[in-house]
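What follows is a single structure, written as structure tokens, with notes after it.
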Amino acid sequence: MAATTTSPPTDPLPTTTPAPIVTTPRILIRPWSQADAEDMHKAANNLKVARYMTLRFPSPHTLASAEEWITLTTTSAATVGKHFAICLQPEGTPVGGIGLTPPPGNGVEPRTRELGYWLGEAAWGQGLATEAVTAFTRWAFSALGPEEGLRRIDAWVFGGNEASGRVLTKAGFVLEGRRRKAGFKFGEEFDIVLYGLLREELPLPN
């Protein structure tokens, strides 16, 4: 599905609705605003959502948690411009989030970023995650071009989250490996599955 891209705004702490970086027929992706805190809290405060997220995603996800995250992502030099709200068209209500972070560790992967995303339960089962991931990764490879050296995007999926694996496959990602029993959360062990997307593997726009 074709998407259009624009440059993100530079307002360090937006309280009004920022301009989108990506639009598609059904969603737009834009920087978070403090005005989004209540909608973020409502969508994120769900154990079904938190189940497949890292411990950086709080559970319960309180209004204070939402406000703190939005403040961080709109003011910190380490995160600003890299974490965004997934919003429904035409009303612009946030229903999830998506972003990129540098991989942790050894410092020899400067051209790789890790993709993270989530949707509130009310937005599941409609193809919105695939639409968001496809449009966002295309924007990322364009916005973080040769001058920033983005070569590949990783996505780590908890074992058992087949829906997220399908989203990534539809968005062009390749299943690359499985770390057996590497994860432990909510008293359960699980595999962690790696998907990857290279710049030249981007699906052609529809």
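The sequence shown begins at 1 in full-length UniProt numbering and counts up by one.
Don't be surprised by glycine CBs; every beta carbon is placed ideally from N, CA and C.
Residue i burial status per 10 Å Cβ neighbour count (16 or more: buried)
i, result
"residue 131", "buried"
"residue 108", "exposed"
"residue 120", "buried"
"residue 174", "exposed"
"residue 24", "buried"
"residue 142", "exposed"
"residue 18", "buried"
For residue i, the first and last residue of its enclosing alpha helix (DSSP H)
i, result
"residue 41", "37-44"
"residue 170", "162-170"
"residue 132", "128-143"
"residue 48", "47-50"
"residue 69", "63-75"
The ligand SAM heavy atom lying under 7 Å from the CB of residue i
i, result
"residue 161", "The ligand content of the structure shown is nil, which means the ligand SAM is not present either."
Alpha-carbon spacing of residue i relative to residue j, whole angstroms
i, j, result
"residue 60", "residue 47", "8 Å"
"residue 92", "residue 125", "19 Å"
"residue 95", "residue 43", "6 Å"
"residue 75", "residue 32", "11 Å"
"residue 189", "residue 166", "22 Å"
"residue 26", "residue 139", "16 Å"
"residue 28", "residue 135", "9 Å"
"residue 203", "residue 197", "10 Å"
"residue 161", "residue 152", "22 Å"
"residue 195", "residue 54", "16 Å"
"residue 199", "residue 169", "15 Å"
"residue 116", "residue 99", "5 Å"
"residue 81", "residue 20", "12 Å"
"residue 16", "residue 77", "20 Å"
"residue 201", "residue 172", "7 Å"
"residue 163", "residue 34", "30 Å"
"residue 110", "residue 186", "32 Å"
Same chain only: Cβ atoms within 7 Å of residue i, ignoring 5 sequence neighbours per side
i, result
"residue 72", "79"
"residue 58", "65"
"residue 49", "118, 120, 121"
"residue 39", "93, 94"
Range of the contiguous beta strand (DSSP E) that encloses residue i
i, result
"residue 101", "94-101"
"residue 112", "112-119"
"residue 156", "152-158"
Same chain, Cβ closer than 6 Å to residue i, five either side skipped, listed in chain order
i, result
"residue 191", "159, 178, 180"
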